[in-house]
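**Student:** Take a look at this one; I'll ask things after.
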Amino acid sequence: MEQKMKIGVLGGGALGMLYGGAFSETYPTTIYTRTEEQARKITQNGLLLSIGTKRKKLFPAALVSGKLASSQSIDILFVALKSYQLPAVMPLLRQLPAHIVLCFLSNGIGHLAYLNDLPARTVIVATSEHGAVREHLNQLDWRGMGKTNYSYYRQIREDTVMLDAFFEAQTEFIFQKHADYLPMLFRKLIANSCINPLTAIWQVNNGQLIEVEGYRRILKVLVTEVEGVLGLTDQWEQVVAICRGTAENFSSMATDIANQRPTEADSILKPILEMATEKGIGTPLLELIYEKIIHLERKS
1 MEQKMKIGVL GGGALGMLYG GAFSETYPTT IYTRTEEQAR KITQNGLLLS IGTKRKKLFP
61 AALVSGKLAS SQSIDILFVA LKSYQLPAVM PLLRQLPAHI VLCFLSNGIG HLAYLNDLPA
121 RTVIVATSEH GAVREHLNQL DWRGMGKTNY SYYRQIREDT VMLDAFFEAQ TEFIFQKHAD
181 YLPMLFRKLI ANSCINPLTA IWQVNNGQLI EVEGYRRILK VLVTEVEGVL GLTDQWEQVV
241 AICRGTAENF SSMATDIANQ RPTEADSILK PILEMATEKG IGTPLLELIY EKIIHLERKS
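In the UniProt record's numbering, the protein residues as written are 1 to 300.
This is the structure in structure tokens:
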């Protein structure tokens, strides 16, 4: 049954290209891109994936995202978009039939607000540990292999039996199931909320946060603040391990600031600040960092 799974990926950024390319080796896969130019480039020339010194050409189908509503045959759609991009595609997602499973790969928790407004009978939230950089419209550099953590936001049993079998069958592109989605999202959120904004402000790679003593001290204070809000403990070593494992990578937020693009601050940082206010917890460093990111966005 798993071999018949038809896959769609909404988003032609680094993550969308990575998932679309990886699945296309085994399953019928279509990447839905924002522009006709990118869809045409992938269709004509394939998707070029770099893994270290190795090069691989993959051939997923590619269509502009406006054609998603007429693509009724897919079984699961991976939504590989940033939270601030979701409002623009919500009309498309609302037109999809309820049997198409939606799997959201957005950072933060801002995207949760949109999920109840969708007809899909089964909705998955997921966090990706992969590191990837889009070099060109059809070229991708896979810089860090990890796994995809997933949990059901809502589901019907008929779908979960099929989906769990599908995910378990991925022996190279690994998926790990979690019983509860919020703890799973929070564990990723603490890394995103501490690593991403600091690298964005200082324009450094992840590794420098733990290699430079001044950066490391501030990172540790920030981790402690966010732990208190999210109700987590002992997260420092995990954050350090992520920085070490992705030492040469620049976070998506650092890249967004460098390229004068909007960031995911309102999906990653703002919800934590709102939770802190509700709980009466002071977060002076996080507040300062959030304001700095917003200032950098407006400046660009």
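Just so it is clear, CB atoms sit at the ideal spot from N, CA and C, and this is done for glycine as well.
1) Tell me N149's beta-bridge partners as DSSP assigns them.
2) Taking 9 Å as the cut-off, decide whether the C-beta atoms of G12 and S267 are in contact.
3) Thinking C-alpha only, which one of S128, K188, L18, V125 is nearest H136?
4) Select from Q139, Y153, E248, G131 the residue whose C-alpha is nearest the C-alpha of Y114.
5) Could you check what DSSP says for T160 in three-state terms: helix, strand or coil?
6) Considering S267, what are the terminal residues of the alpha helix (DSSP H) in which it resides?
7) Do the segment 258 to 278 and the segment 185 to 204 make contact, defined as three or more Cβ pairs closer than 8 Å?
8) Excluding the five sequence neighbours on either side, which residues of its own chain have a C-beta within less than 8 Å of the C-beta of T122, listed in chain order?
9) Going by Cα to Cα distance, which pick from G245, E278, I218, E237 is closest to L288?
10) Any beta-carbon of chain B closer than 9 Å to the one on T33?
11) From the DSSP output, in three-state form, read off V64 for me.
12) Between which two residues does the alpha helix (DSSP H) holding L288 run?
13) Under a three-way DSSP split, which group does E135 fall into?
14) At which residues does the alpha helix (DSSP H) containing K41 begin and terminate?
15) Starting from I31, follow the beta strand (DSSP E) in both directions and report where the run begins and ends.
16) Do T246 and G108 have their beta-carbon atoms positioned less than 9 Å apart in this structure?
17) So what does DSSP say about D117, is it helix, strand or coil?
18) R55 and L49 - do their beta-carbons sit closer together than 9 Å?
19) If you run the structure through DSSP and keep just helix, strand and coil, what is N245?
20) Return the first residue and the last residue of the alpha helix (DSSP H) that I76 is part of.
21) Quick check on the burial criterion: 16 or more other C-beta atoms within 10 angstroms. Buried or exposed for D234?
22) Tell me the rounded alpha-carbon separation between M253 and L209.
23) Do T263 and M184 come within 9 Å of each other at the CB atom, strictly closer than that value?
24) Quick check on DSSP: helix, strand or coil for residue 327?
25) Please report the straight-line C-alpha distance between F78 and R216, rounded to a whole angstrom.
26) Compare the Cα-Cα distances from Y290 to each of E172, Q85, L198, Q44 and report the closest residue.
27) Whole angstroms is fine: what's the gap from C243's alpha carbon to L96's?
**Tutor:** Checking against the coordinates, here is how it stands:
1) As a working mapping, residue 149 is identified with position 149 in the sequence shown. Paired residue(s): T127, Q176.
2) Position 12 of the sequence shown, counting from 1, holds the residue named residue 12. Position 267 of the sequence shown, counting from 1, holds the residue named residue 267. With contacts defined by Cβ atoms closer than 9 Å, G12 and S267 do not form a contacting pair.
3) In the sequence shown, the residue the question calls residue 136 occupies position 136. Out of S128, K188, L18, V125, L18 has the C-alpha closest to the C-alpha of H136.
4) Walking along the sequence shown from the start, residue 114 turns up at place 114. Nearest option by C-alpha distance: Y153.
5) Here residue 160 corresponds to residue number 160 of the sequence shown, with the count starting at 1. The DSSP-derived three-state label of T160 is helix.
6) Residue mapping note: residue 267 aligns to position 267 of the sequence shown, counting from 1. Secondary structure note for S267: its alpha helix (DSSP H) is the uninterrupted segment 265 to 268.
7) Yes, the segment 258 to 278 touches the segment 185 to 204.
8) As a first step, residue 122 is located in the sequence shown; it is residue number 122 there, counting from the start. Residues of the same chain with a CB within less than 8 Å of the CB of T122, apart from the 5 flanking positions on each side, are V101, L102, Y152, R154, Q155, I156, D159, T160, L163 in chain order.
9) What you label residue 288 is simply residue 288 of the sequence shown in a count that begins at 1. Of the candidates G245, E278, I218, E237, the one whose C-alpha sits nearest the C-alpha of L288 is I218.
10) The structure shown contains no chain B; it is built from a single protein chain.
11) Locating residue 64 in the sequence shown gives position 64, where the first residue counts as 1. In the structure shown, V64 adopts extended strand secondary structure according to DSSP, grouped into three states.
12) In the sequence shown, residue 288 corresponds to position 288, counting from 1. DSSP places L288 inside the alpha helix (DSSP H), whose first and last residues are 284 to 299.
13) Taking the first residue of the sequence shown as position 1, residue 135 is located at position 135. Three-state DSSP puts E135 in a strand.
14) Within the sequence shown, the letter at position 41 stands for residue 41. From DSSP, the alpha helix (DSSP H) with K41 extends over 36 to 45.
15) Locating residue 31 in the sequence shown gives position 31, where the first residue counts as 1. Taken as a continuous stretch (DSSP letters only), the beta strand (DSSP E) holding I31 covers 29 to 33.
16) Start at 1 with the first residue of the sequence shown, and residue 108 comes out as number 108. Start at 1 with the first residue of the sequence shown, and residue 246 comes out as number 246. No, they are not a contact pair.
17) For this step, residue 117 is matched to residue 117 along the sequence shown. For D117, the secondary structure class from DSSP, reduced to helix, strand or coil, is helix.
18) The residue labelled residue 49 in the question sits at position 49 within the sequence shown. The residue labelled residue 55 in the question sits at position 55 within the sequence shown. Contact flag set, yes.
19) As a position in the sequence shown, residue 245 is number 245, starting the count at 1. The displayed chain sequence assigns Gly, not Asn, to residue 245. The three-state reading of DSSP puts G245 in helix, counting H, G and I together.
20) Reading the sequence shown from its first residue, position 76 is the one you call residue 76. In the DSSP assignment, I76 falls outside any alpha helix (DSSP H) and lies within the beta strand (DSSP E) extending over 76 to 79.
21) For this step, residue 234 is matched to residue 234 along the sequence shown. The residue is exposed, with fewer than 16 neighbouring Cβ atoms inside 10 Å.
22) Indexing the sequence shown from 1 puts residue 253 at position 253. Indexing the sequence shown from 1 puts residue 209 at position 209. The alpha-carbon atoms of M253 and L209 are separated by roughly 14 Å.
23) Residue numbering aside, residue 184 sits at position 184 when the sequence shown is read from its first letter. Residue numbering aside, residue 263 sits at position 263 when the sequence shown is read from its first letter. Taking 9 Å as the Cβ cut-off, M184 and T263 do not qualify as a contacting pair.
24) The structure shown does not extend to residue 327, since the chain spans only 1 to 300, so no value can be given for it.
25) Reading the sequence shown from its first residue, position 78 is the one you call residue 78. Reading the sequence shown from its first residue, position 216 is the one you call residue 216. Distance from the CA atom of F78 to the CA atom of R216, rounded to whole angstroms, is 35 Å.
26) Position 290 of the sequence shown, counted from the first residue, corresponds to residue 290. Residue L198 is the option with its Cα nearest to Y290.
27) Stepping through the sequence shown from its first residue, residue 243 is reached at position 243. Stepping through the sequence shown from its first residue, residue 96 is reached at position 96. Roughly 38 Å between the two C-alpha positions.
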